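Written below as structure tokens is the structure these notes are about.
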Amino acid sequence: MSVTAPTAPSVPDHRAQFLNLLETGLAQNSFIKLVLAKYVGPEAELQRVIIKQVTVKDQPCLSFVYRYKTRDITKNFPLEEGVANIAALLPEAFKNAHLLTLTDEVQLEYSKKGKSSLFKGKSQQEREVPSAEHNREKNRFLDLTRPFLADLGVTNKQQELIPAMSRKWKQINKFIEVFSHALSNSPLKLDQPIKVVDFGSGKGYLTFAIHDYLRHSLQAEGVVTGVELREDMVTLCNNAAQRLEHPGLTFQHGDVRSFAPTPIDVMIALHACDIATDYAIHMGIRSGAAIIMCSPCCHKQIRLQIQSPALLKPMLQYGLHLGQQAEMVTDSLRALFLEACGYETKVFEFISLEHTNKNKMILAVKRAEPLDPAQLLVKIQELKAFYNIQEHCLETLLQADGLLK
541 MSVTAPTAPS VPDHRAQFLN LLETGLAQNS FIKLVLAKYV GPEAELQRVI IKQVTVKDQP
601 CLSFVYRYKT RDITKNFPLE EGVANIAALL PEAFKNAHLL TLTDEVQLEY SKKGKSSLFK
661 GKSQQEREVP SAEHNREKNR FLDLTRPFLA DLGVTNKQQE LIPAMSRKWK QINKFIEVFS
721 HALSNSPLKL DQPIKVVDFG SGKGYLTFAI HDYLRHSLQA EGVVTGVELR EDMVTLCNNA
781 AQRLEHPGLT FQHGDVRSFA PTPIDVMIAL HACDIATDYA IHMGIRSGAA IIMCSPCCHK
841 QIRLQIQSPA LLKPMLQYGL HLGQQAEMVT DSLRALFLEA CGYETKVFEF ISLEHTNKNK
901 MILAVKRAEP LDPAQLLVKI QELKAFYNIQ EHCLETLLQA DGLLK
């Protein structure tokens, strides 16, 4: 008679369960993101890896963002290869993995002794899977290896982000993201030269960025002009453009109020103070720009005119609220004037510009078929009457040119 030895209790394979949940999320199109943390590998400055699904050349992929102390590196892999890479990193390189899907939050952890734990719970918030189109756009933006970034002092000679420039780097990327989305919704065609004018170009961070994005990323012919009042900045940027061989990129001394109108496809004016924003928008409309991008600063003209209705005075007795009201009214009228001139307009928060806490952007893209402006013009006059506004600079400029009836 034989005796069978008792079987040892099985140890759950938490890693296999985790990877199975990942593959299920991908198969069911419910995957949102995966974060690998608690790095124990040989790279001193690597902190974590953030993984999302993207579409590259019409093929689904996993985008790995390797987050270092002062820079990010992005690599894309086909789904099967991406999952295999994740499997290889657990637990040899990362001791923590956090998976988020439409329905579940799953966390895989390893202790110092190598013991694994798996925690699974239902998502407490309603979530959406990021669209493939959005991620495709994300995949095409600038990277830190572009030569102009080193020349302008954003990166060092090793093409690493200089920590003090991290805020500027975020601003540049956000700007290109907004521009890229606007370009895809505009009537502009990439097989034709795209003429861009950047008023108040300063040191040229965004001017170089949009030229590089058009020429390098989109393989389009970008004819980009930076207009700046400070002659030393004009000289600095022209020298950099020649040194870096950026054909079609020039800088000139001038002001939006005196700039000679020429056909423009894209008009940019970030941090234009008070009515300078109105002159810039007017220039864009008059020059036939398909895309107008403004980040206003200061709203003195309207603030001095506004007479708040009695009902609102208790709320507006505080200076902060009074300033916010002037900003809201001024920029709402600007957006409405743009709508009346045939643009689809959005007003939204933009990453704060250097040296200012203003972070609003007015983005206007020319419609294929303009709307009848009659009702909009009535609403504009009603809004002006409500606040007893006698003049809005943009309206005056548009009326003088017959662009607004």
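The sequence shown maps to residues 541 to 945 in the working numbering.
C-beta atoms are modelled at their ideal positions from N, C-alpha and C, and glycine is treated no differently.
Keep in mind the model is a prediction, meaning the values are calculated, not measured.
Shortest alpha-carbon distance to residue i belongs to which of the options?
i: LYS614; options: PHE571, ALA704, LEU648, ARG588; result: First, the residue type needs correcting, since residue 614 is Thr and not Lys in the sequence shown. Minimum Cα distance to THR614 is reached at ARG588.
i: LEU937; options: GLU889, ASP818, ARG686, ASN616; result: ASP818
i: VAL767; options: GLN939, THR775, GLU649; result: THR775
i: GLU922; options: GLY882, SER872, ASN778, ALA908; result: SER872
i: GLU761; options: ALA875, LYS729, LYS743; result: LYS729
i: ARG826; options: TYR883, LEU758, GLY693, TYR579; result: TYR883
i: GLY622; options: GLY654, SER656, LEU559; result: LEU559
i: VAL755; options: ASP738, CYS777, ASN778, GLU785; result: Position check: residue 755 holds Arg in this sequence, whereas Val was assumed. It is GLU785.
i: LEU658; options: ALA829, ALA850, GLN557; result: GLN557
i: ALA633; options: LEU640, THR595, THR610, TYR606; result: TYR606
i: GLN939; options: TYR927, THR885, CYS881, ALA925; result: CYS881
i: PHE926; options: SER651, GLY654, THR885, ALA850; result: ALA850
i: GLY828; options: PRO552, GLN647, VAL736, PRO854; result: VAL736
i: THR885; options: THR765, SER798, ASP941, LEU916; result: LEU916
i: CYS838; options: THR870, MET855, HIS822, LEU852; result: THR870
i: SER798; options: ASP814, PHE739, GLN647, ILE750; result: PHE739
i: PRO836; options: GLY654, SER603, ALA812, PRO552; result: ALA812
i: CYS601; options: GLN759, PHE571, GLY859, ALA628; result: PHE571
i: HIS932; options: GLY654, GLY863, PRO910, HIS822; result: HIS822
i: LEU684; options: LYS652, ASP612, GLN647; result: ASP612
Tell me whether the beta-carbon of residue i lies closer than 8 Å to the beta-carbon of residue j.
i: ILE929; j: GLN865; result: no
i: LYS900; j: VAL918; result: no
i: ALA496; j: ALA809; result: The shown model of the chain, from 541 to 945, leaves out residue 496, and the question about it has no answer.
i: ASP752; j: ARG686; result: yes
i: ALA704; j: ASN696; result: no
i: PRO727; j: ALA908; result: yes
i: VAL905; j: ALA816; result: no
i: CYS834; j: ILE902; result: yes
i: HIS721; j: SER656; result: no
i: LEU701; j: ALA780; result: no
i: LEU561; j: LEU639; result: yes
What separation, rounded to the nearest whole angstrom, lies between the Cα atoms of residue i and residue j?
i: GLY581; j: ASN569; result: 31 Å
i: ALA567; j: LEU630; result: 21 Å
i: GLU645; j: LEU682; result: 32 Å
i: GLY788; j: VAL796; result: 20 Å
i: ARG676; j: GLU563; result: Reliability of the predicted coordinates at ARG676 is poor, the pLDDT of 42 falling under 50, and no value is obtained from them.
i: VAL763; j: ILE734; result: 6 Å
i: GLN782; j: LYS597; result: 34 Å
i: ASP620; j: GLN593; result: Checking the sequence shown, residue 620 turns out to be Glu, not Asp. GLU620 and GLN593: Cα-Cα distance of roughly 12 Å.
i: ARG770; j: GLY742; result: 8 Å
i: LYS678; j: GLN599; result: Any reading at LYS678 must be qualified, since the residue scores a pLDDT of 44, below 50, and its modelled position is unreliable; the value itself is stated next. So the two alpha carbons sit approximately 15 Å from each other.
i: LEU934; j: GLU879; result: 13 Å
i: GLY824; j: LEU943; result: 12 Å
i: ARG747; j: GLN699; result: Per the sequence shown, residue 747 should be read as Thr rather than Arg. Distance between the alpha carbons of THR747 and GLN699: 20 Å.
i: ILE626; j: LYS840; result: 55 Å
i: ALA624; j: THR643; result: 23 Å
i: ILE591; j: VAL575; result: 6 Å
i: GLN857; j: GLU867; result: 16 Å
i: GLN792; j: THR802; result: 14 Å
i: VAL806; j: THR641; result: 39 Å
i: ILE804; j: LYS924; result: 30 Å
i: PHE719; j: PHE617; result: 26 Å
i: LYS660; j: ASP731; result: 51 Å
i: GLY744; j: CYS777; result: 6 Å
i: GLN847; j: ALA914; result: 26 Å
i: HIS861; j: PHE877; result: 24 Å
i: SER757; j: ILE716; result: 11 Å
i: GLU649; j: VAL694; result: 37 Å
i: ALA749; j: GLN711; result: 11 Å
i: LYS853; j: ASP814; result: 24 Å
i: ASP772; j: PHE688; result: 18 Å
i: ALA565; j: GLY859; result: The amino acid occupying residue 565 in the given sequence is Gly; Ala does not appear at that position. So the alpha carbons of these two residues sit roughly 51 Å apart.
i: GLY654; j: THR595; result: 35 Å
i: SER603; j: SER651; result: 27 Å
i: PRO910; j: GLY794; result: 32 Å
i: GLY863; j: GLN647; result: 46 Å
i: ASP941; j: ASP912; result: 19 Å
i: ASN897; j: ALA628; result: Low per-residue confidence applies at ASN897: pLDDT is 49, beneath 50, and the placement is therefore not dependable, though the value from the model is reported in the following sentence. Their backbone Cα atoms lie some 44 Å apart in a straight line.
With residue i and residue j assumed to form a contact (beta carbons below 8 Å), what rounded beta-carbon distance in angstroms separates them?
i: PHE890; j: LYS714; result: 7 Å
i: ASN636; j: LYS578; result: 4 Å
i: LYS609; j: GLU585; result: 4 Å
| task | Let me know the beta strand (DSSP E) ranges lying completely inside the stretch 577-644, each 3 residues or longer, listed in chain order. | result | 586-596, 599-608, 612-618, 634-641
| said: Extract the residue ranges of the alpha helix (DSSP H) inside the stretch 910-942, only unbroken runs of 4 or more that lie entirely within it. | reply: 914-927, 933-940
| query | For the stretch 780-820, which segments carrying the beta strand (DSSP E) assignment without a break, of at least 3 residues, lie completely within its bounds, in sequence order? | reply | 789-793, 806-813
| query | At what residue ranges does the stretch 673-755 contain a whole run of the beta strand (DSSP E), taking only runs of 3 or more? | reply | 734-739
| Whole alpha helix (DSSP H) elements within the stretch 819-871, 4-residue minimum | 840-845, 853-856
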